[in-house]
Amino acid sequence: GDVYLFTDADVEFLPDTMERIVTALEAHPEYGAVTGNLSIDSVSENFIGTYKNLYMHFAFKDSGPTMDVPYTSVVAVRKDAFWEAGGFVDILPNEDRMLGIALKRAGHTILFDNDIQVRHYRTYRWPEFCRIEVQRARNIVILHLETKVLRRGSMKEHIPSTFTVATTLVAAFGVLLVLGLVASPKFLMGLPVAILGFAAVMGPFFLFMLRHKGLAFALAGTILAGVDLALCIVGAARGLMAFLLGRRLLPS
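This is the structure:
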């Protein structure tokens with residue numbers, strides 16, 4: 005066919021998913037691909053998986069109308085655009101970002117339509133969750149440095165700005181805690197400020213979880229978000245080190 009449709013084995017299309025994909029591609033022939041989002045009612049057997057599904061929906065829902073990073077649980081790419089971009093590169097868990105960079109380098113734009121949704125049946129275990137988050141953040145940093153420093157394409161992350169601020173506050177919490185333990189207890193006085201700041205900037209995500217899953221889940225989800233961002237900081241540090249040591253992900 006003229007369009008390649010990509011999804012995952014643990015994804016279920018909603019009754020209108022295919023129709024919305026076709027409609028979007030027909031209405032916007034200028035776009036090389038169209039991508040969507042996870043539905044809020046995605047299913048998981050445990051708390052971590054449910055949190056991650058909500059996190060992904062929340063992070064993507066206000067993106068657009070174009071994106072640099074397709075969400076490969078549901079992305080339709082025009083055949084010509086796909087092969088002009090060189091197809092998929094087998095670098096997990098960042099094959100979506102690799103495809104997005106390649107499409108943009110080939111002159112194609114990705115349309116984001118939040119009305120195109122799929123139901124995700126994803127369950128995370130703690131070791132897997134930690135490993136994937138660290139590895140993803142590592143690869144994202146390498147890709148950003150390759151595109152920004154080496155000018156090998158371009159890539160923009162589509163995450164709420166509040167998450168960026170929250171990541172800074174999590175890092176500040178860690179620095180203050182270490183300094184308080186090894187240098188002076190006075191540094192520990194800054195911990196409540198970092199915690200309150202984190203709670204404030206994560207307020208929209210907390211309210212989103214509260215609306216859909218209740219108070220207990222929202223409180224636990226906000227705490228897990230802090231752990232999640234801490235894992236991303238670890239991954240980012242590893243990515244910076246890997247880049248400085250010569251690690252590259254993009255084809256030359």
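All residue numbers for the sequence shown refer to our numbering, where the first residue is 5 and numbers rise by one.
For glycine and all other residues, C-beta sits at the position ideal for the given N, C-alpha and C.
Predicted model only: the values in this text are computed from it and were never measured.
Taken in chain order, the whole beta strand (DSSP E) runs of length 3 or more contained in the region 29-95 are 37-42, 78-82. For Asn-118, the enclosing beta strand (DSSP E) begins and ends at 114-124. Ala-89 and Pro-19 have their C-alpha atoms spaced approximately 30 Å apart.
Its chain contains Phe-191, Leu-192, Gly-194, Leu-195, Ala-198 as the residues whose beta carbon lies nearer than 8 Å to that of Leu-180, once the 5 sequence neighbours on both sides are disregarded; these appear in chain order. If you keep only unbroken alpha helix (DSSP H) runs of at least 4 residues inside the region 131-204, you get 165-186.
Judged by DSSP in its simplified three-state form, Leu-249 adopts coil rather than helix or strand. Remark: fewer than three beta-carbon pairs, one from each stretch, lie closer than 8 Å, so the region 226-246 and the region 69-76 are not flagged as touching. For Leu-214, the enclosing alpha helix (DSSP H) starts and ends at 207-217.
The bridge partners DSSP lists for Thr-11 are Val-78.
Pairwise C-beta distances place the region 37-54 in contact with the region 107-123, as three or more of them are shorter than 8 Å. In this structure, the CA atom of Gly-225 is about 10 Å from the CA atom of Met-206. Approximately 6 Å separates the beta-carbon atoms of Lys-108 and Gly-157; this is inside 8 Å, confirming the contact.
Annotation: Phe-133 to Gln-139 spans about 10 Å, alpha carbon to alpha carbon. The C-alpha of Phe-116 lies about 19 Å from the C-alpha of Phe-92. In this structure, Leu-254 lies near Glu-150, with their beta-carbon atoms less than 7 Å apart.
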